[in-house]
Amino acid sequence: MIIFDINDLFDLASVPLSQLKHRGGTFHSTKIGERGRVGVQTAIGDILDNVWREAVEHVALRDYESWLVDALEEWSTKLAFISSRGEARKYALELYSSRIFDNKQWVDYIEFNRKYRPDVVKDERFLTVMAECCRKPGEMTREQYEAAYTTCPICGRSAEVTIINNEIKE
Ligand SMILES: [Zn+2]
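Numbering-wise, our numbering puts 770 at position 170 of the sequence shown, and it's gapless, one number per residue.
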């Protein structure tokens, strides 16, 4: 069962963003020779890709957060696996639907928020860490440091990192 029409299944004026959180892509094959349908798995069901995009754009507009989707789109265009504007928008909507900018384990948490939401991070304290590959100090959140998978804050490669300073500066 795939949701084809936004208006039939939920109320866009009140649906919380969390209900539209992207949990993964879905694919429904059709008759041989026809293209299958691409969907998005969410808490309220499997939604046709275009319908899901439209719904998330609507919620962003409703919640005065379209600027965040725009920021995530601009951010996404730098990524190696993004090859078009449309892909960047889709990826930005995925990131927005999971409110990745609030997730301190997100590898871009510090950089993204310093650029687009400086007030959110201005009073936060981060760890100063270093990895073997670059041997240059960089910053990391405690949540990133404690994650199972860590990356060098300088080059972004998978690396073991060492805390060189976690003193709270007065
Ligand atoms: Zn490195």
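Glycine included, every Cβ here is placed at the ideal spot set by N, Cα and C.
In this text, all values refer to a predicted model and were calculated from it rather than measured experimentally.
Beta-carbon proximity of residue i to residue j, cut-off 8 Å
i	j	result
V720	I763	no
D611	T626	no
Q641	R662	no
S738	P718	The sequence shown places Gly at residue 738, rather than the Ser named in the question. Cβ distance not < 8 Å, so G738 and P718 don't count as in contact.
S683	A643	no
L648	S697	no
R689	E673	yes
A747	Q705	yes
Y745	L727	yes
A655	I606	yes
Per-residue DSSP class, three states only, for residue i
i	result
F681	coil
I632	coil
F561	Residue 561 falls outside the range modelled here, since the chain spans only 601 to 770, and no answer is possible.
G686	helix
E770	No answer about E770 holds up, because its pLDDT of 43 lies below 50 and its placement is not dependable.
L617	helix
Residues of its chain near residue i, where Cβ-Cβ distance is below 8 Å and the 5 sequence neighbours each way are ignored
i	result
R714	V721
Nonlocal neighbours in the same chain, by C-beta distance under 7 Å from residue i, ignoring five residues either side
i	result
A759	A731, E732, C733, T750, T751, C752
Y691	S676, I682
H628	I602, G636, R637, G639
F604	L648, V651
C755	C733, C734
D723	none
N765	T728
R757	C733, T751
Same chain, Cβ closer than 6 Å to residue i, neighbours up to 5 away in sequence not counted
i	result
C658	Looking at the sequence itself, residue 658 is His, so the reference to Cys does not match. The residues are L612.
V669	A660, A692, Y696
Y716	A671
V615	none
K678	none
Proximity test, residue i beta-carbon vs ligand 2 heavy atom, cut-off 7 Å
i	result
D611	Because ligand 2 does not appear in the structure shown, any question about it cannot be addressed here, the ligands present being ligand 1.
In chain order, which continuous runs of the alpha helix (DSSP H) of length 4 or greater are located wholly inside the region 636-665?
649-662
Only counting runs of 3 or more residues, tell me where the beta strand (DSSP E) segments fall wholly within the region 718-766, in order along the chain.
727-731, 738-740, 761-765
Name all residues in chain order for which at least one heavy atom of ligand 1 lies closer than 7 Å to the residue's CB.
A731, C733, C734, C752, I754, C755, R757, A759
In chain order, which alpha helix (DSSP H) runs of at least 4 residues are fully inside the region 686-717?
709-716
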